[in-house]
Amino acid sequence: MAAAPAGPAQQTRNLVLIGHGMVGHRLLEALAERGALAGPDGGPGWRAVVLAEEDVPAYDRVHLSSVFAGTEPGRLALPALDEDLVDLRLGDPAEHVDTAARTVTTTSGAVVPYDVLVMATGSYPFVPPIPGADAAGCFTYRTLYDVEALTSYAGAGNGVRDGVVIGGGLLGLEAAGALRSLGVATHVVEFAPRLMPLQVDDGGAAALRATIESMGVAVHTGVGAAEVDVDADGRVRSLMLSDGTRIPADLVVFSAGVRPRDRLAREAGLAVGDRGGVAVDEHCRTSDPYVYAVGECAQTCDGRVYGLVAPGYQMAEVVADRLAGPGGSVFTGADTSTKLKLLGADVASFGDPFADEPRATEIVFSDGREGVYKKLLLGPEGQLLGGILVGDAEAYGSLRPHAGRQLPAPPEAFLLPSPDGAGQLPGAEALADDAVVCSCHNVTKGAVREAIAEHGLVDVGGVKRCTKAGTGCGGCLNTLQAVLDAAGVEKPRGLCEHFPELGRSEIYDLIRTEHIRSFTELMERYGSVDAGAGAGAGAGAGAGTVGGAGTVGGAGSGSAAGSGSGAVSGCTVCKPVVANVLGTLAPELGLRHVLEGEQAALQDSNDLFLANLQKDGTYSVVPRVPGGEITAEQLIVIGEVARDHGLYSKITGGQRIDLFGARKEELPAIWRRLIAAGFESGQAYGKSLRTVKSCVGSKFCRFGQGDSVQLAIDLELRYRGLRAPHKFKGGVSGCLRECAEARGKDIGVIATAGGWNLYVGGNGGTTPRHADLLAADLSAAELFALVDRFLMYYIRTGERLERTSAWLERLGGTGGGIAHLREVLVEDSLGICAELEAQMDRHVAAYRDEWQAVLEDPAALERFEPHVAGVRFLEPGRGRAAVLADGTEAALFKDGTGEVYAVGNRDPFSGADVIANGIMGTRGGVPVVASPMHKQEFDLRTGVCLDDPEVALPLLAVPQVPKGS
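The sequence shown begins at 1 in this note's numbering and counts up one residue at a time.
Listed below in C-alpha cells is the structure:
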C-alpha cells in the first residue's frame, strides 16, 4: 500500500471534502486551528474544496427540533468559515470518485482534483419497504428541508389532525416532539419491545413511556408498520400495524434508523463493512491511502458505525492531526454516553449499561410517581460498567467520568440524597488524571488540572477558555467545578474585579445602612478605580472612525447613570447583584420600579424584559397562580392568549401555566390581557419567590389536617416580589403524606394535628437536599413570623446565587446551620427578629405588580419595541437592537462618555439575535458585552470573544449622530 499523505504540506495541495455537515465542518475548523489551510495566495497548507449537497452551509442538526418551536433556521448555522481558506460549493454534490485519477466529478459536471479526499457524507433515513410509504403526507426527519416540508404540509389546509412516527428511538422521539409542537395528535410506533432500545433498559423505557404518555402521546411497542393507507387523492389517511391495528393518521414520519451513505465509496471500489459504512483504520483512512472517511458514513476499526456527533468530532480531529502534522492520534472507539431531553423528559446513558458480565451487579432506584428510573451496573470488582438515568439525570456529570473505574463512594450516594441531607454528589476528587471529564472535546481531568496550575485559573469560565472543556453539551460543568474545588483553588474574596473586597452580603449591608440608592454611587464610594481604567481609552482602536466599523461619537443622554467610567464599569456579575439588592431594599431607599432610571442598565435580560429568555431568543410568560387555584374564566383567557400568539403552553411542576415562544415586542400586549383577567407577574424571571406548591389539603382530601391551599395562597401573596440571592420556592402539604413535596423546598410547611411544622433549606435542584425542621406545631401567626425572619436573614447574609440549602450548610457551627438558625430566629440571640419582621412588613406594604407598572409607563413600554431608530435612543450601559441601512441587525451600546459601539446582534454560540439584550460592562478595563444566553463576553472594540478568541462578533458601521441630538 502506498504511503498516505500526512504531515504539514510544504506547498499548496488540494483537499476535497465531500459533505458539509457538522463533522465535515469540524474537520475544517480543526485544520484552521492548526494553521493547515492555505490562504488565497497559496503557500504551505491545504487548499480545501467542499462539495455540499444542500444549498445552505453546515448547521446544527442536533437542535433541528428547535425550528418547530420558532427558532429561525438560519440560527442553527455553524460559525462561518473564512472564504479565503475554504472553497464552499453549495448544492453541487459529488457524483463520482475516480481514485486512479484522484478526481471527483460533481452533479454539475465539474471535475475537481484532489491530493487527499475526505468523505463526510453522513447517513440517510431508513424507510421500511411497505405499501404507501411514498404517499403524500409521508416524511423523513433529517434535514432542514424535511422540517420545512413537514411544517408546510401540516399547516397547508390538509386537515392534519393525527400523526404517526415510525420509530421510538432518539430521532423518533424528537420527531414526536416536533409533531406535538405543530398541534398534531401523535402516536409513536416502535418495533422493539421498548422505547429507545439502544440507550435504556426495560425499567428506563417504562419510566420514559409513562412520562411520554402523560403528555398525550400514544405509544405502541412490539409492533411494526405494515401499510400506509391512502385516500383517492393519494394522501395518507391511516397506518396499518403488523398486529392488524389501524391508527388514524393524516401524516406519517419515518424515523426508524439511519444507514451510512457509502454509495460513492462502493462505486469507487473502496472497502465497506458487511452492514454498510466505509471501512477505515485507526487513522480514519480507507482502503485507498489518499481517501479518508469520518462521521456516520464510516465503519471504524472496532466494526461500528457511530450515529452520534461526538465520535464524529473525534474522527475529524484524528484526520486533522494526520493532515497537519505527524498524525499521532488514533480513533479506536468512542464514548457513546448521551444526555438528552426528549419530550420534556431527561434521558442519559453512559458506559456500557448492557454489559454482558454474568457477575455484574445492578443497583436500581425507581419512582413510578415521578417517572424516575436510575440504574448503575457494577462489575465483579466493583467498577462502574455503565448506567441509565431517566427522569432525573443530574448525576450524569459525576458518574460518566467514572465509567470503567471504581466509584469513590457507595453507588447509593449517586442515586439518592445523602442521609444527612447534604446532597453533594461525590466524584471528581477521586478521578485519575487520565479520566475524560469532557467527552465532547476529549479533555481529561489531568489536562484541566494542568491548565488550572499553569494559568492560575479560579473558575469554570477560565477552564472553558483554556481547554474547551464545557463548551460542548455542557454536561461536564459540575465536574469541572469539582476539579477546581479538589485542586484547592481559593475563590476570590470579592464579588468581582469591580468589588474585589466585597461580597454580596457586604454590599447588601453597605446599601442598607448607608442608604446608597444607585450603582454609580456604590461604585464611586466602594468600587475599584483600577477595574474601570481604560474603559474609554482606545475605544476606537482598530474599529474605524465615525461612519466606519465599530464606534462613533454618540450623544450624552443626561441619564442618572452619570458620565465617566461609572456608567460603563461593572460587569455581568456585579450589576445584576446590585440590581437585586436595590430591588430588595426599594421600600427602605424610596426606589420604585426595577426598570426605572439607572436600574434598567443593571438588569440581566430576564429582569430587563420581565420574562424568561429561552434558547431561541424568545421569552416565556408565567402568570402567578397562588396555590395553583385558578378559575375557569382565567384558564380560558390563558388558552386564548396562547392560541392568538402561537405560544406553546405547559403546566409546570410549580402548579402554574408557562407560555413559551413570545417575542419581546409581544409581551406588553400579552400582559394587558392577562392582567385584565386578574393575573399578575409570576416573577419566574427573577431571583425571587417562584411558587408555593400545595396539595388540596382539608378542602377536599379526607386525610387533610390543615387547609394547605389557603396557607399556600397566603404565603405566596405575602412574599411575592421579594428579591433574594437566588430563587426560592415553597410547598405546603396538608398532612404527612407530603403530596406537595414540601421538604424539597426552601420553605416547606406540613400540617399536623397540633398546627404547622416549618422546614427550611430544602432544594430539588442540582444537589437535592431535604429541608430541616426549624419549628413544630406552629399557629399561622407564629409560622408567618418565623418565615419573615428566615427569608430576611437569608437575604442579608446569603452570597451571590447561593440557594438556601447551600447557605444553611455554610452557616455551620455546633449542631449545624439549623441549630444556628434556631438560635437567631427562634431564640433571637442577635436581637434582630423584630427588625427582620418590620422589614418584611415594609416589603409587603410596598408591593406592586411589576408588569402593571410597566403597562402604565410609556417610557418603560418603549423598551419592548423590537428596534431603535438610531443611537439617540440609547441609554448609557445598556444596548438596543437596530436595523442598519443595509438590513443588517446590529446591537448598539453607549458608554457614559457617549461613545457608541456597533456589533452584530446574533450570538455566535446559540444563533439567537440577543446580543443587544446583554449586559455592558468592563473586564480588565476593556468595554465588553456579555451574551444573555450563556454569558460569553465580547470585546466591543474588536468583536472578539474573550472566552473563546476564535469566535467574534462582526463590527458594524453606524451613522454619525451630531452631539446633543
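Every residue, glycine too, gets a C-beta built ideally from N, C-alpha and C.
Rounded to the nearest angstrom, what separates threonine 897 and glutamate 875 at their Cα positions?
Within the sequence shown, the letter at position 897 stands for residue 897. Within the sequence shown, the letter at position 875 stands for residue 875. Per the coordinates, the alpha-carbon of threonine 897 lies some 11 Å from the alpha-carbon of glutamate 875.
Could you tell me the distance, in whole angstroms, from the CA atom of proline 419 to the CA atom of arginine 769?
Your numbering for residue 419 matches position 419 in the sequence shown. Your numbering for residue 769 matches position 769 in the sequence shown. A caution first: proline 419 carries a pLDDT of 40, below 50, which makes its placement in the model unreliable, though a value can still be read off. Distance from the CA atom of proline 419 to the CA atom of arginine 769, rounded to whole angstroms, is 9 Å.
To the nearest angstrom, report how far apart threonine 691 and leucine 589 are at their CA atoms.
Translated into positions along the sequence shown, residue 691 becomes position 691. Translated into positions along the sequence shown, residue 589 becomes position 589. Taking the straight line joining both Cα atoms gives about 27 Å.
Do cysteine 476 and valine 437 have their beta-carbon atoms positioned less than 7 Å apart in this structure?
In the sequence shown, residue 437 corresponds to position 437, counting from 1. In the sequence shown, residue 476 corresponds to position 476, counting from 1. Cysteine 476 is positioned such that its CB atom lies closer than 7 Å to that of valine 437.
How about alanine 771 and glycine 764: are their beta carbons less than 7 Å apart?
Position 771 of the sequence shown holds residue 771. Position 764 of the sequence shown holds residue 764. Not in contact: alanine 771 and glycine 764 (Cβ atoms no closer than 7 Å).
What residues match up with isoleucine 363 in a beta bridge as DSSP calls it?
Locating residue 363 in the sequence shown gives position 363, counting from the first residue. Paired residues: Leu376.
Runs of alpha helix (DSSP H) lying entirely within the segment 804-838, each at least 4 residues, in chain order:
Counting only runs of 4 or more, we get 804-811 and 816-821.
Delimiting residues of the alpha helix (DSSP H) encompassing cysteine 574:
Stepping through the sequence shown from its first residue, residue 574 is reached at position 574. Taken as a continuous stretch (DSSP letters only), the alpha helix (DSSP H) holding cysteine 574 covers 574-584.
Reduced DSSP secondary structure (H/G/I, E/B, other) of threonine 797:
In the sequence shown, counting from the first residue as 1, residue 797 sits at position 797. Reduced to three states, the DSSP call for threonine 797 is helix.
If you compare alpha carbons, which of Val272, Gly706, Ile919 and Glu850 is closest to valine 573?
Here the question's residue 573 lines up with position 573 in the sequence shown. When each option's Cα is compared against that of valine 573, the closest is Ile919.
Strictly by DSSP, which residues pair up with tryptophan 756?
Counting from one through the sequence shown, the residue named residue 756 turns up at place 756. DSSP, once it has assigned bridges, lists Ala751 and Leu778 as partnering tryptophan 756.
Give a yes or no on whether the C-beta atoms belonging to aspartate 162 and alanine 185 are separated by under 7 Å.
Against the sequence shown, residue 162 aligns to sequence position 162. Against the sequence shown, residue 185 aligns to sequence position 185. Cβ distance < 7 Å, so aspartate 162 and alanine 185 count as in contact.
For glycine 42: DSSP bridge partner residues
Along the sequence shown, one-based indexing puts residue 42 at 42. DSSP, once it has assigned bridges, lists Gly39 as partnering glycine 42.
Beta-carbon separation (whole angstroms), leucine 610 vs valine 854, contact threshold 8 Å:
For the purposes of this step, residue 610 is taken as the residue at position 610 of the sequence shown. For the purposes of this step, residue 854 is taken as the residue at position 854 of the sequence shown. About 7 Å separates the CB atoms of leucine 610 and valine 854; that is less than 8 Å, so the two are in contact.
Kindly list the residues whose CB is nearer than 6 Å to the CB of glutamine 683, restricted to its own chain and excluding five residues on each side of it in sequence; keep chain order.
Taking the first residue of the sequence shown as position 1, residue 683 is located at position 683. Excluding positions up to five away in sequence, the list is empty.
Less than 7 Å between the C-beta atoms of glycine 122 and glycine 295, yes or no?
If you number the sequence shown from 1, residue 122 lands on position 122. If you number the sequence shown from 1, residue 295 lands on position 295. Yes, Cβ-Cβ distance for glycine 122 and glycine 295 is below 7 Å.
With distances taken Cα to Cα, identify the nearest neighbour of glycine 706 among Met22, Glu29, Trp756 and Val900.
As a working note, residue 706 is residue 706 in the sequence shown. Measuring from the Cα of glycine 706, the nearest candidate turns out to be Trp756.
Which of the three DSSP states, helix, strand or coil, is assigned to serine 287?
Counting from 1 along the sequence shown, the entry for residue 287 is found at position 287. Under the three-state reduction of DSSP, serine 287 is assigned to coil, being neither helix nor strand.
Could you compute how far the alpha carbon of serine 518 sits from the alpha carbon of histidine 593?
The residue given as residue 518 occupies position 518 in the sequence shown. The residue given as residue 593 occupies position 593 in the sequence shown. Note on geometry: alpha-carbon atoms of serine 518 and histidine 593 lie some 13 Å from one another.
Cβ-Cβ distance between lysine 464 and glycine 456 below 7 Å
What you label residue 464 is simply residue 464 of the sequence shown in a count that begins at 1. What you label residue 456 is simply residue 456 of the sequence shown in a count that begins at 1. For lysine 464 and glycine 456, no; Cβs fall outside 7 Å.
Just reading off the alpha helix (DSSP H) that glutamate 95 is part of, what are its end residues?
Walking along the sequence shown from the start, residue 95 turns up at place 95. Looking at the DSSP string, glutamate 95 is not in any alpha helix (DSSP H); the run it does join, the beta strand (DSSP E), is 94-98.
Length-filtered (4 minimum) alpha helix (DSSP H) runs lying within the segment 620-688
For secondary structure counted as the alpha helix (DSSP H) over 4 or more consecutive residues, the segment 620-688 holds these complete runs in sequence order: 632-645 and 667-676.
Please name the residue, chosen from Val448, Thr479 and Val483, that lies closest to cysteine 1025 on a Cα-to-Cα basis.
Residue 1025 is absent from the structure shown; the chain starts at 1 and stops at 965.
Own chain residues within Cβ distance below 7 Å of alanine 742, not counting five before or after
Numbered from its first residue, the sequence shown carries residue 742 at position 742. So the list reads Gly731, Val732, Ser733, Gly748, Val749, Ile750 and Tyr759, once near-sequence residues are dropped.
In the structure shown, what three-state DSSP assignment does glutamate 454 receive?
Counted from its first residue, the sequence shown places residue 454 at position 454. Three-state result, glutamate 454: helix.
Sufficient close CB pairs (3 or more, under 8 Å) joining the segment 26-33 to the segment 312-322
Here the segment 26-33 lies against the segment 312-322, with 3 or more beta-carbon pairs under 8 Å apart.
Starting from the C-beta of valine 844, find all residues in its chain whose C-beta is less than 7 Å away, skip the five residues before and the five after it, and write them out in chain order.
For the purposes of this step, residue 844 is taken as residue 844 along the sequence shown, with counting starting at 1. Cβ neighbours of valine 844 beyond the five flanking positions: Arg718.
Determine the burial state of aspartate 841: buried for a count of at least 16 other Cβ atoms within 10 Å of its Cβ, exposed for fewer.
The residue given as residue 841 occupies position 841 in the sequence shown. Residue burial annotation: aspartate 841 is exposed, with fewer than 16 other C-beta atoms found within 10 angstroms of its C-beta.
Hey, threonine 143 and phenylalanine 254: beta-carbon distance below 7 Å or not?
Counting from 1 along the sequence shown, the entry for residue 143 is found at position 143. Counting from 1 along the sequence shown, the entry for residue 254 is found at position 254. No.
Could you pull the start and end residues of the alpha helix (DSSP H) that lysine 464 belongs to?
Residue 464 sits at position 464 when you count from the first residue of the sequence shown. For lysine 464, the enclosing alpha helix (DSSP H) begins and ends at 460-467.
Checking 7 Å against the spacing of the C-beta atoms, do alanine 298 and valine 330 come in under that value?
As a first step, residue 298 must be located in the sequence shown, where it is residue number 298. As a first step, residue 330 must be located in the sequence shown, where it is residue number 330. With respect to the 7 Å criterion, alanine 298 and valine 330 are not classified as neighbours on the basis of their beta carbons.
DSSP three-state assignment for serine 108, whether helix, strand or coil
Locating residue 108 in the sequence shown gives position 108, where the first residue counts as 1. Three-state result, serine 108: coil.
Leucine 774 versus glycine 798: straight-line alpha-carbon distance, rounded
Position 774 of the sequence shown, counting from 1, holds the residue named residue 774. Position 798 of the sequence shown, counting from 1, holds the residue named residue 798. Their Cα atoms are separated by approximately 18 Å.
Write down the C-beta distance between alanine 393 and valine 458 rounded to the nearest angstrom, noting that I regard them as a contact closer than 8 Å.
For the purposes of this step, residue 393 is taken as residue 393 along the sequence shown, with counting starting at 1. For the purposes of this step, residue 458 is taken as residue 458 along the sequence shown, with counting starting at 1. 28 Å between Cβ atoms; not a contact.
Grouping DSSP H, G and I as helix and E and B as strand, with all else coil, what is cysteine 297?
Counted from its first residue, the sequence shown places residue 297 at position 297. Correct three-state label for cysteine 297: helix.
Within 10 angstroms of its Cβ, does threonine 286 collect 16 or more other Cβ (buried), or is it exposed?
Position 286 of the sequence shown, counted from the start, is the residue given in the question as residue 286. With 16 or more other Cβ atoms within 10 Å, it is buried.
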